[in-house]
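Visitor: Residue numbers (this note's numbering): 6 to 401. Attaching a single structure in structure tokens format; questions to follow.
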């Protein structure tokens with residue numbers, strides 16, 4: 006098995022104390038001969054280590070009979086509420102940890118320790134186990150008293166704390182993206198966007214933190230599309246801080262098509278802005294990742310539709326803010342027809358420049374005379390393959 010460091014062990018609570026080293030070894034010294042000792046390991050930290058929505062997929066597969074557990078330790082790791090059974094309640098408890106609703110499990114510790122000498126009469130009903138080791142009468146040095154460490158919720162044993170184990174879950178090196186349309190919005194507008202699949206695939210789950218600027222957007226709600234969220238899949242307790250946490254899974258897998266909407270998010274704007282500057286997917290509370298039908302894990306990020314990641318680069322206008330003239334510089338990966346729009350905070354197009362530009366660096370100068378008054382404006386540069394929006398400030 007894996008060697009776990011940082012486990013504390015007590016002999017009769019006060020007679021002896023030790024902590025496992027990096028090799029998972031410990032030494033209890035100074036114990037009196039002929040005394041009876043109860044050795045009890047303990048570790049109740051890092052509740053999220055090794056726990057993700059992928060573990061919920063594995064538990065759900067077991068509960069639905071799709072793929073049953075093949076060892077007693079998976080049963081014990083799944084028992085989040087410590088009632089010696091596995092049910093949907095355990096999924097709810099573990100998901101609250103993932104979503105940041107819980108900081109610790111209220112009815113269980115983060116780790117269980119099973120006496121390594123335990124023989125399970127029924128591996129599928131493994132609740133009659135010993136969490137300690139009792140010496141009847143200590144008469145000689147004991148070379149080895151071993152325990153098996155079980156991280157609650159970590160069904161695939163991916164916890165980093167297992168010494169020598171960097172996580173055994175299958176993880177893709179590639180990042181997967183959810184796609185959204187970039188939009189410009191004015192103050193007090195309804196602002197909605199769909200999170201769409203980048204490719205055709207079967208997904209068994211995902212989790213992420215949706216970050217948004219609460220000074221610019223107010224969260225209204227989320228609508229189900231290809232994915233069916235229920236109340237327990239989402240944590241909105243920190244929406245005033247600009248944080249929404251989501252954890253969703255389907256053990257049978259959900260088949261999604263390219264550009265198909267998974268979820269639709271609804272906001273109300275508190276000021277004008279650009280969506281891509283106000284919203285992102287992160288791992289601030291709930292780690293951003295997605296799982297395919299092979300139970301492989303990939304990082305998850307948000308990409309805005311139309312943004313060209315292979316060449317087009319648009320720089321911030323200079324100077325900014327400006328009072329008379331400002332210059333917008335952009336790089337093209339190829340000769341192309343380019344549409345340049347200047348838009349005010351209400352969405353009105355004030356300037357529309359359309360012409361053919363050469364590959365490489367190009368620029369256009371904007372005069373304050375073309376604009377109506379001081380304030381925030383947006384410039385949108387569109388090529389045959391992509392589009393980028395940035396903001397600029399005029400001070401007259």
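Beta carbons are placed, not taken as given, at the ideal position from N, Cα and C, and that holds for glycine.
#1: Using 8 Å as the cut-off, can you tell me whether the stretch 149–158 makes contact with the stretch 109–119, which would need three or more C-beta pairs spanning the two stretches below that distance?
#2: By alpha-carbon positions, which one of 335, 59, 319, 341 ends up nearest to residue 163?
#3: Could you please give me the residues that DSSP links to residue 359 through a beta bridge?
#4: Taking contact to mean at least 3 C-beta pairs separated by less than 8 Å, is the stretch 189–196 in contact with the stretch 273–284?
#5: Roughly how many angstroms lie between the CA atoms of residue 333 and residue 390, to the nearest whole one?
#6: Taking DSSP's pairing of strands, which residues face residue 273 in a bridge?
#7: Taking the straight line between their C-alpha atoms, what separation do you get for residue 105 and residue 246?
#8: Among the residues of its own chain, which have a CB less than 8 Å from the CB of residue 286, if the five just before and after it don't count?
#9: I'd like the span of the alpha helix (DSSP H) that includes residue 83, first residue to last.
#10: On a CA-only basis, which of 95, 259, 76, 160 is nearest residue 126? Give me that one, please.
#11: What does the alpha-carbon distance come out to for the pair residue 226 and residue 271?
#12: What whole-angstrom Cβ distance do residue 267 and residue 236 have, given they're in contact under 8 Å?
#13: Jot down the residue ranges of each uninterrupted alpha helix (DSSP H) in the stretch 92–128, minimum 4 residues, whole runs only, in chain order.
#14: In the structure shown, what three-state DSSP assignment does residue 364 receive?
#15: Among residues of its own chain, excluding the 5 on either side of residue 121, which ones have a beta-carbon nearer than 7 Å to its beta-carbon?
#16: Start and end of the beta strand (DSSP E) containing residue 154?
#17: How would you call residue 93, buried or exposed, if buried means at least 16 neighbouring beta carbons within 10 angstroms?
#18: Got a sec? Which residues, its chain only, sit under 6 Å from residue 341 by beta carbon, not counting five neighbours each side?
#19: Which runs of the beta strand (DSSP E) at least 3 residues long sit entirely within the stretch 362–398? Give them in chain order.
#20: Could I get the ranges of all uninterrupted beta strand (DSSP E) runs contained in the stretch 294–334, with 3 residues as the minimum, in chain order?
#21: Give the straight-line distance between the Cα atoms of residue 173 and residue 161, rounded to the nearest whole angstrom.
#22: Could you tell me the distance, in whole angstroms, from the CA atom of residue 357 to the CA atom of residue 345?
#23: Is residue 188 helix, strand or coil by DSSP?
#24: Would DSSP call residue 252 helix, strand or coil?
#25: Using C-beta distances below 6 Å, list every residue in its chain close to residue 244, excluding the 5 sequence neighbours before and after it, in chain order.
#26: Label residue 136 either buried or exposed according to how many other C-beta atoms from any shown protein chain fall within 10 Å of its C-beta, with 16 as the threshold for buried.
#27: Could you work out which residue in 281, 300, 199, 320 is closest to residue 211 when comparing CA atoms only?
#28: Quick one: Cα of residue 298 to Cα of residue 261, how far?
#29: Helix or strand or just coil, what does DSSP make of residue 242?
#30: Which residue marks the beginning of the alpha helix (DSSP H) containing residue 64, and which one marks its end?
#31: Is it a yes or a no for the stretch 249–258 touching the stretch 367–376, going by three-plus beta-carbon pairs under 8 Å?
Guide: This is what the structure holds:
#1: yes
#2: 59
#3: 344
#4: yes
#5: CA-CA distance, residue 333 to residue 390, rounds to 19 Å.
#6: 195, 223
#7: 14 Å
#8: 183, 213, 214, 215, 216, 293, 305, 306, 307
#9: 77–83
#10: 76
#11: 5 Å
#12: About 18 Å; that fails the 8 Å criterion.
#13: 93–103
#14: Residue 364: coil per DSSP, three-state reduction.
#15: 151, 152, 153
#16: 152–156
#17: exposed
#18: 388, 389
#19: 365–372, 380–387
#20: 294–297, 302–310
#21: In this prediction, residue 173 has a pLDDT of 46, which is less than 50 and means its spatial position is unreliable; what the coordinates show is noted afterwards. Whole-angstrom Cα-Cα distance: 7 Å.
#22: Straight across, the Cα-Cα distance linking residue 357 with residue 345 is about 6 Å.
#23: It is coil, neither helix nor strand.
#24: strand
#25: Answer for residue 244: 224, listed in chain order.
#26: Exposed, because fewer than 16 other Cβ atoms sit within 10 Å of the Cβ of residue 136.
#27: Among 281, 300, 199, 320, the Cα nearest to that of residue 211 is on 300.
#28: 12 Å
#29: coil
#30: 58–68
#31: No, the stretch 249–258 does not touch the stretch 367–376.
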